[in-house]
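Engineer: Okay, handing you the structure first.
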Amino acid sequence: MTDAPVIGVLALQGDVREHLIALAAADAVARPVRRPEELAEVDGLVLPGGESTTISKLAILFGVMEPLRARVRDGMPVYGTCAGMIMLADKILDPRSGQETIGGIDMIVRRNAFGRQNESFEAAVDVKGITGDPVEGVFIRAPWVESVGAETEVLAEYDGHIVAVRQGNVLATSFHPELTGDHRVHSLFVDMVRADRAPESL
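The following block contains the structure:
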């Protein structure tokens, strides 16, 4: 597609390849991003799962933390899954020492809220804005959202806990849709990026 948005995946740690595949299936041009000059060339960005403390430290080491914060403040669409959700939170309930976030969503998150690695599970989740059957959510050491601000829209809950949110151009899920073969959440994000680019193409 000639009008396909260019969407990066922060490729410092985590399931980068799966996100690249899901974005391509959702009609985006997908590419890994590690450095500020690569970040400058994308219309939107996915922050994958992994270990949020490690991603935070590597983002600082690679010099992308401040450019990322600036792009998010300027309205670049961003989607974070699992650790990516933590990175997009304005506040972490139980941060590790030295852990920083990019911010962008007025929410408080709890790390590893659904349990350890061996307590990972899959569950059907109804996500606002996605039609058809529920999304199959893969929860791996997943966070949940403790509370949200007035500007943050709750898109999904599971077992009484918030697991998907959106604030403006910033989207986040506790779970990993990139691991299921269901690309509807990525399609939702690609549509967000395309809408954000629309004024430029007129």
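With my numbering applied, the sequence shown closes on residue 232, and no number is skipped along the way. Beta carbons: idealized from backbone N, C-alpha and C, even for Gly.
1) Compare the C-alpha of Asp221 against each of Tyr109, Val63, Asp163, Phe144 and name the closest.
2) Please determine, among Val195, Pro35, Val139, Gly114, the residue with the shortest C-alpha to C-alpha distance to Asp73.
3) Counting Cβ pairs closer than 8 Å, one from the region 89-98 and one from the region 184-204, do we hit at least three?
4) With Arg47 as the anchor, note down where its alpha helix (DSSP H) starts and where it stops.
5) Just list the residues that DSSP pairs Lys121 with in beta bridges.
6) According to DSSP, is Ser231 helix, strand or coil?
7) Going by DSSP, name the residue or residues bridged to Gln197.
8) Please list the segments of the beta strand (DSSP E) lying wholly inside the region 142-211, counting only runs of 3 or more residues, in order along the chain.
9) Leaving out five residues on either side along the sequence, give the residues of the same chain with a beta carbon under 7 Å from the beta carbon of Asp104.
10) Looking only at C-alpha atoms, which of Asp226, His216, Ala100 sits nearest to Gly159?
11) Could you tell me whether the region 184-196 touches the region 52-61, where touching means 3 or more Cβ pairs closer than 8 Å?
12) Can you tell me which residues form a DSSP beta bridge with Pro62?
13) Excluding the 5 residues preceding and the 5 following Arg61 in the sequence, name in chain order all residues of the same chain whose CB lies nearer than 6 Å to its CB.
Structural biologist: Working from what's here:
1) By one-based count along the sequence shown, residue 221 stands at place 191. The option with the nearest alpha carbon to Asp221 is Tyr109.
2) In the sequence shown, residue 73 corresponds to position 43, counting from 1. The option with the nearest alpha carbon to Asp73 is Pro35.
3) No, they do not touch.
4) Along the sequence shown, read from residue 1 onward, the residue named residue 47 stands at position 17. From DSSP, the alpha helix (DSSP H) with Arg47 extends over 46-55.
5) Against the sequence shown, residue 121 aligns to sequence position 91. Per DSSP, Ile138.
6) Counting from one through the sequence shown, the residue named residue 231 turns up at place 201. Confidence at Ser231 is low in this model, with a pLDDT of 48, below 50, so its placement is unreliable and the value that follows should be read with caution. Note: Ser231 maps to helix in three-state DSSP.
7) As a working mapping, residue 197 is identified with position 167 in the sequence shown. Residue pairing by DSSP places Gln197 opposite Val200 in a beta bridge.
8) Fully enclosed beta strand (DSSP E) runs of 3 or longer: 151-155, 165-169, 174-178, 183-188, 191-197, 200-203.
9) Position 74 of the sequence shown holds residue 104. Nothing listed; no residue qualifies.
10) Here residue 159 corresponds to residue number 129 of the sequence shown, with the count starting at 1. The residue with the shortest Cα to Cα distance from Gly159 is His216.
11) Contact fails: fewer than three Cβ-Cβ distances are below 8 Å.
12) One-based indexing of the sequence shown puts residue 62 at position 32. For Pro62, which the question treats as bridged, DSSP gives the partners Val39.
13) The sequence position of residue 61 within the sequence shown is 31, counting from 1. Once the five neighbours on either side are set aside, the close Cβ partners of Arg61 are Gly38.
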